[in-house]
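Worksheet: the structure to be examined is printed underneath.
Numbering (full-length UniProt numbering), first residue to last: 1 to 135.
As structure tokens, this is what we get:
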């Protein structure tokens, strides 16, 4: 374990003090309550979250396994962010497509695909191919 992030046997409160005010920061500590067990203390959303770490050749706190603690933390932060910050927005986006009438969506519907077919340049519109220019 990295000596920069491993803080030995410290309490949850001490971990919270170390991580205070640094969103996304984390440390590893040995549990005071369960000696020999390791805890990941992670700062997210103005609070310190504590997770018991497991290792079976790969690091994990749930079912998903990771090669490194850094990868576990990165995935965890992304998941936490999506669940707490983006889930409501994503839900609204998929149930209420308000973006269909904006200019960009209209432009995409009118966009044509061009490709080279033998010695002709073709345009695809509405699933039909029209030769527009022989080479």
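The C-beta atom is built at its ideal place from N, Cα and C for all residues, glycine as well.
For residue i, report the span of its beta strand (DSSP E) as first-last.
i: residue 47; result: 47-55
i: residue 12; result: Counting along the chain, residue 12 falls outside any beta strand (DSSP E), though it belongs to the alpha helix (DSSP H) covering 12-19.
Considering only the beta carbon of each residue, do residue i and residue j sit closer than 8 Å?
i: residue 32; j: residue 11; result: yes
i: residue 45; j: residue 84; result: yes
i: residue 22; j: residue 43; result: yes
i: residue 62; j: residue 29; result: no
i: residue 51; j: residue 39; result: yes
Which same chain residues end up closer than 8 Å to residue i when comparing Cβ atoms and leaving out the 5 residues on each side of it in sequence?
i: residue 67; result: 58, 59
i: residue 77; result: 24, 42, 44
i: residue 13; result: none
For the alpha helix (DSSP H) holding residue i, just list the boundary residues, first then last.
i: residue 76; result: 69-81
May I ask you to list the residues that DSSP assigns as paired with residue i?
i: residue 30; result: 9, 38
i: residue 65; result: Answer is none; residue 65 lacks a bridge partner.
Within a Cβ cutoff of 7 Å, which residues of the same chain sit near residue i, ignoring the five residues on either side of it in sequence?
i: residue 16; result: 48
i: residue 20; result: none
Considering only residues of the same chain and omitting the five flanking positions on each side of residue i, which have a CB-CB separation below 6 Å?
i: residue 54; result: 60
i: residue 72; result: 59, 66
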